[in-house]
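Sequential numbering from 1 applies to the sequence shown in our numbering.
Read the structure below first, then the notes.
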Amino acid sequence: MNLNQLFRHLSIQWKLIIAFVLLSIVPVCAIGFYEIHSRLKTLEQIAIENVQHDVFNIQEKSQAFLTHVEEDIHYLSHSASFQGLISQLDEAESPDRRTQRGRVEEQFLNFARSKSIYYRFKLIDIYDDEVLRIERSAGQPAILPENALEPDRGGYYLTVMSHFQPGQVFLTPVEIRDYATGDYVPAISYAIPIFDAQNRWCAILIADIRAESFFRILEGSHANPSGRVFVVSQEGYYLYHPDKKRDWSRLLAARNVENLHQDYARPIVAHILSGNAGKIVEDKNTIISYA
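Take a look at the structure:
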């Protein structure tokens, strides 16, 4: 910069003052811009860490919840009374079979009384007939009498789980109609295949969990008030959606048009459903963390 040409009418003293001022402004600007950029990167990293912490916290609590359910179902399905009933599923109705079913019904009834998260238990054989059902009505669990059991009540589960192996689990959102009040109850079905002593698939045991019990875990497990929590199945269907939690029927009815595949780009969906934990910074306002 030639100060003599720019300020030809100023004295030497003023020219020196201007030169020093200009020299001091340049590093201040450079440091200022660098500091702003560094602060933004730091804030972004803090936001990512907070989101990841929330996701892992939610995963840990929801996994613990479902693990408890799995332990409960494992306990019930391996009881002596249940195995006794399973051994007689292929036999014609008899007093002994009715006795075995009565024992299982009483066991399941007492279990439902002790754990309010369970709305319904039911056992369906591979011929699509209900073998037993314990269901809540007006808040209290009750055994449905034999003449109230319905045929053709498990076709969906039989189709989906026809190739399941022992230990595999099927989770799906459902609505249960209270047979006494007619109201619909949001629930999550937890279904496992049942095999007999010869390792032949013979039935499906279904435990329907109150959806609100699961919602409370999700809603109380993240600290960021502007964050949103979604839970999806391996197929990309929403098991929990914060905007539709009170409209469960819509979530079920619209699952083919309102799902992860419709809401996010294919590469993002592929990462989320990969089974691995990770994060995606979609833009400067959106951070997606998954586990």
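The C-beta atom is built at its ideal place from N, Cα and C for all residues, glycine as well.
What you are looking at is a predicted structure, and each value in this text was computed from that prediction instead of being measured.
Item                                                                                                                                                                        : Value
Compute the beta-carbon to beta-carbon distance between S77 and I194, rounded to the nearest angstrom, for a pair I have assumed lies under 8 angstroms.                    : 6 angstroms
For the beta strand (DSSP E) that contains R216, what are its first and last residues?                                                                                      : Unbroken run through R216 is the alpha helix (DSSP H), 211-219; no beta strand (DSSP E).
The beta strand (DSSP E) with T172 in it runs from where to where?                                                                                                          : 170-177
Nearest to R97 by CA position, among L109, I86, K279, is which residue?                                                                                                     : I86
What are the boundary residues of the alpha helix (DSSP H) that includes S81?                                                                                               : 80-86
Is any heavy atom of the ligand ZN found at a distance shorter than 8 angstroms from the C-beta of I204?                                                                    : Inclusion of the ligand ZN in the displayed structure is not the case, the ligand content being empty and no account of it being possible.
Cutting at 7 angstroms between CB atoms, please list the residues of its own chain near F82, excluding the five before and the five after it.                               : L76, V104
Nearest-angstrom Cα distance between D196 and C202?                                                                                                                         : 6 angstroms
Taking the alpha-carbon of R216 as reference, which of I58, E49, Q52, N50 has the nearest alpha-carbon?                                                                     : I58
Just the C-alpha distance for R210 and I188, rounded to the nearest angstrom, thanks.                                                                                       : 7 angstroms
State the DSSP-derived secondary structure class of R120, mapped to helix, strand or coil.                                                                                  : strand
Assign V229 to one of three DSSP states: helix, strand, or coil.                                                                                                            : coil
Under 6 angstroms Cβ to Cβ from A191, same chain only, skipping five residues before and after it: list those, please.                                                      : Y157, F170, I204, I206
Going straight from the alpha carbon of D129 to that of Q45, what length do you get?                                                                                        : 55 angstroms
Tell me whether H68 is buried or exposed, calling it buried when 16 or more other Cβ atoms sit within 10 Å of its Cβ.                                                       : exposed
Would you call the region 229-240 and the region 132-149 touching, i.e. three or more CB-CB distances under 8 angstroms?                                                    : no
With F195 as the anchor, note down where its beta strand (DSSP E) starts and where it stops.                                                                                : 184-195
With distance defined between alpha-carbon atoms, name the residue in F65, R101, E70 nearest to E146.                                                                       : R101
When the distance is taken between beta carbons, is H271 closer than 9 angstroms to Y240?                                                                                   : no
Out of D125, S274, I134, I176, which one is the CA nearest neighbour of L109?                                                                                               : I134
Given L89, which residues of its chain have a CB within under 8 angstroms of its CB, disregarding the five upstream and five downstream residues?                           : D125, V131, D196, C202, A203
Return the chain-ordered list of same chain residues with a C-beta closer than 7 angstroms to the C-beta of N259, the five sequence neighbours on each side being excluded. : G236, Y237, Y238
Thinking just about the alpha-carbon of each residue, which of Q168, R266, D208 is nearest to the one in A112?                                                              : D208
Give me whichever residues DSSP pairs with S137 in a beta bridge.                                                                                                           : Q140
Go ahead and label P151 buried or exposed: buried means 16 or more other beta carbons lie within 10 angstroms of its beta carbon, across all protein chains shown.          : exposed
Quick check on DSSP: helix, strand or coil for L6?                                                                                                                          : Reliability of the predicted coordinates at L6 is poor, the pLDDT of 45 falling under 50, and the value obtained from them is presented with this limitation in mind. Helix.
As a quick exercise: from P173, A180, F121, pick the residue whose alpha carbon is nearest that of P186.                                                                    : P173
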